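Numbering (our numbering), first residue to last: 1243 to 1380. C-beta: ideal position from N, C-alpha, C; glycine also. Predicted, not measured: the structure shown is a model, and the values here were computed from it. Have a look at the structure below before the remarks.
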Amino acid sequence: MRSPINIVDVDRTETWSHYKAGMCDTCMANCCTMPLEIRLPDLVRLELVDPFEAEHEDARQIAKRLVKAGVIERFHHKSGVFTVMRRADGDCRFLDAKTRRCTVYDKRPNTCRKHPQVGPRPGYCPHGRRDDARAPLR
Ligand code: SF4
1243 MRSPINIVDV
1253 DRTETWSHYK
1263 AGMCDTCMAN
1273 CCTMPLEIRL
1283 PDLVRLELVD
1293 PFEAEHEDAR
1303 QIAKRLVKAG
1313 VIERFHHKSG
1323 VFTVMRRADG
1333 DCRFLDAKTR
1343 RCTVYDKRPN
1353 TCRKHPQVGP
1363 RPGYCPHGRR
1373 DDARAPLR
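Encoded structure:
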């Protein structure tokens, strides 16, 4: 019997792996290539929006400024969700392209903090082994 080909496709959750602690150590950060949806408190924590502005300014005006600055792609007023603009190659704008590590880890949005417990397939992630990863999965 042929063994199944284990190629992850970020857009197809059926190809994702069951998440286990330590997997991130060997991963190329595929989760950081998925669309990133965040909220106003995340933008404040990321220091992209001033707390005073967040409290007093209309979210649509804030979104307008951030779209113009190329920080967000769009804003959904009804849900209050901002979609962060990604790089041309699909990476999150906060991902270090070389190390594949988050450059804003301590200030990262809630969506990232909750992954993979909350997300398209809870408990699973699009783990993709880094070329330089030697350590076996724990
Ligand atoms: S903010 Fe950091 S953890 Fe979240 S998607 Fe971007 S690089 Fe990944």
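Identify which residue in the options has its Cα closest to the Cα of residue i.
{"i": "C1334", "options": "P1293, D1374, P1351, E1295", "result": "P1351"}
{"i": "V1286", "options": "A1301, C1274, P1277", "result": "A1301"}
{"i": "S1321", "options": "R1281, V1309, R1342, D1292", "result": "R1281"}
Let me know if residue i comes out buried or exposed under the rule of 16 or more other beta-carbons within 10 Å of its beta-carbon.
{"i": "A1382", "result": "Coverage of the chain is limited to positions 1243 through 1380, which leaves residue 1382 absent and any answer about it impossible."}
{"i": "I1249", "result": "exposed"}
{"i": "D1338", "result": "exposed"}
{"i": "F1336", "result": "buried"}
{"i": "G1332", "result": "exposed"}
{"i": "R1380", "result": "Only weak support is given to the placement of R1380: the predicted model assigns it a pLDDT of 43, under 50, and the value that follows is read from those uncertain coordinates. Under this definition R1380 is an exposed residue."}
Below 8 Å on the Cβ atoms is my guess for residue i versus residue j; work out the distance and round it to an integer in Å.
{"i": "E1315", "j": "V1326", "result": "7 Å"}
{"i": "L1278", "j": "V1346", "result": "About 11 Å; that fails the 8 Å criterion."}
State the beta-bridge partners of residue i as determined by DSSP.
{"i": "H1369", "result": "Answer by DSSP bridge pairing: none, since H1369 is not bridged."}
{"i": "C1354", "result": "In the DSSP output, where bridge partners are listed per residue, C1354 has none listed."}
In chain order, which continuous runs of the alpha helix (DSSP H) of length 4 or greater are located wholly inside the segment 1279-1342? Counting whole runs of 4 or more residues, the segment 1279-1342 contains the alpha helix (DSSP H) stretches 1282-1287, 1293-1298, 1301-1310.
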